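J.: Okay, handing you the structure first.
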Amino acid sequence: MSAIDHYINAVIERGAAEAQEDGSAATEAHHLLLAIAAHEGTTAHRVLATAGLGRQAIRAALDREFEHSLSTVGVTLASFDLPKPSAARTPSKVGATARLALERGFAAATGKKDLRPVHLLLGVLDTEIGTVPRALALAGADRVDLMARARETLAGESW
Amino acid sequence: MSAEDVPVPKDPADALAAVVALRLLADRLEDAAVEQAMRAGWSWPDVAEALGVTRQAVHKRHAKRLIAAGVTLRRRR
């Protein structure tokens, strides 16, 4: 397997662990974003970190988005005194949003040989719809600027 | 609460995001509630009936994690 195959596997595995921690039935795009932010030593990680988007900051933004979205229909998390399950179920599948993000990431590269971690980041960011852009907006992060910064790194050969 | 009483956000993006958030909340609530029931000695068929799903569905979704959590599972009443 090539380095990018190892990276993609690592991101999907870490994404599944994030989904499990989340109590989510499937790995979704925002779980991949958490995984990308947690994987050090890549340009994708540096682009996020420079914007103040470490794994913890993204997790906090996602929690805010979750509570905000519930509040629009009059539901507050505080009204649910949920005991934390002793063990979460294992997400058995890659969800539709994660698939879309991966497809967009692959499409952002000119070919398999060109594919690098930052393309995956671009794939996750390249949508105006859904949890990722909503969470980034609530965190005050500029998604379009983030994509521009990610694209700037593509000119070099950086991993 | 009738269907008319459910507040629908004006922005479709908010309304759709609320659906996603409620599904996640329901999944989390189900994990907690099924564990609570099984610890209280409920059987799979009873939990399945209460949730309105098949026994196979509830077993597939929760058995592995509950066994991992050390919950004693009853087969039948």
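Keeping their order, the protein sequence lines are chains A and B.
Under my numbering, residues 353 to 511 are what the first sequence spells out, in order.
Under my numbering, residues 3 to 79 are what the second sequence spells out, in order.
For every residue, glycine included, the Cβ atom is placed at its ideal position computed from N, Cα and C.
Computed from a prediction, not measured in an experiment: that's the story for all the values here.
Contact check, Ala453(A) vs Leu384(A) under 8 angstroms by CB: the rounded distance?
T.: Cβ atoms of Ala453(A) and Leu384(A) come within 8 angstroms of each other, at about 6 angstroms.
J.: Going by other Cβ atoms of all chains shown within 10 Å of its Cβ, with 16 needed for buried, is His64(B) buried or exposed?
T.: buried
J.: Kindly say whether Ala502(A), judged by its beta-carbon, lies nearer than 7 angstroms to any beta-carbon of chain B.
T.: Not one chain B Cβ lies under 7 angstroms of Ala502(A).
J.: Who are the near neighbours of Arg411(A) in its chain, counting only those whose CB is closer than 7 angstroms to its CB and skipping five residues on each side?
T.: Leu386
J.: Can you name the residues of chain A whose CB is closer than 7 angstroms to the CB of Ala20(B)?
T.: Ser421, Leu422, Thr424, Val425
J.: Thinking C-beta only, is Ala459(A) closer than 7 angstroms to Thr379(A)?
T.: no
J.: What residue range does the alpha helix (DSSP H) around Thr449(A) cover?
T.: 448–460
J.: Grouping DSSP H, G and I as helix and E and B as strand, with all else coil, what is Lys12(B)?
T.: coil
J.: What do you reckon, are the CB atoms on Pro14(B) and Gly426(A) nearer than 7 angstroms?
T.: no
J.: Just to confirm before moving on: does the CB-CB distance between Leu539(A) and Leu472(A) stay below 7 angstroms?
T.: Residue 539(A) lies beyond the range of chain A shown here (353 to 511); nothing can be said about it.
J.: Quick test of your reading: Leu24(B) and Leu422(A), contact by CB under 8 angstroms. State the CB separation rounded to the nearest angstrom.
T.: 7 angstroms
J.: Using a Cβ cut-off of 7 angstroms (strictly closer), state whether Ala65(B) contacts chain A.
T.: With respect to chain A, the C-beta atom of Ala65(B) has no partner C-beta closer than 7 angstroms.
J.: When you compare the CB of Ala441(A) with every CB in chain B, is at least one pair closer than 7 angstroms?
T.: The residue asked about is misnamed: residue 441(A) is Arg in this sequence, not Ala. For Arg441(A), the answer is yes, since a Cβ of chain B falls inside 7 angstroms of its Cβ.
J.: Spell out the partners DSSP gives Arg76(B) in its beta bridges.
T.: Ser45(B)
J.: Do Leu434(A) and Ala34(B) have their C-beta atoms within less than 7 angstroms of each other?
T.: yes
J.: What does Ala492(A) reach in chain B if we use C-beta pairs closer than 8 angstroms?
T.: Sequence check: residue 492(A) is Gly here, not Ala. Ordered by position in chain B, no residue passes the 8 angstroms Cβ test against Gly492(A), which lies about 18 angstroms from the chain.
J.: According to DSSP, what are the bridge partners of Asp445(A)?
T.: Residue 445(A) is actually Lys in this sequence, not Asp. According to DSSP, Lys445(A) bridges with Ala378(A).
J.: Tell me whether Ser510(A) sits in a helix, a strand or coil according to DSSP, three-state version.
T.: coil
J.: Residues of chain A with CB under 9 angstroms from Asp48(B), in chain order?
T.: Per Cβ cutoff of 9 angstroms: no residues; Asp48(B) is ~19 angstroms from chain A at best.
J.: Name the chain A residues that come within less than 7 angstroms of Leu75(B), Cβ to Cβ?
T.: Within 7 angstroms Cβ-Cβ: nothing; Leu75(B) doesn't reach chain A, min ~13 angstroms.
J.: Between the Cα of Ala28(B) and the Cα atoms of Thr505(A), Leu467(A), Leu429(A), which residue gives the shortest distance?
T.: Leu429(A)
J.: Considering only residues of the same chain and omitting the five flanking positions on each side of Ala70(B), which have a CB-CB separation below 8 angstroms?
T.: none
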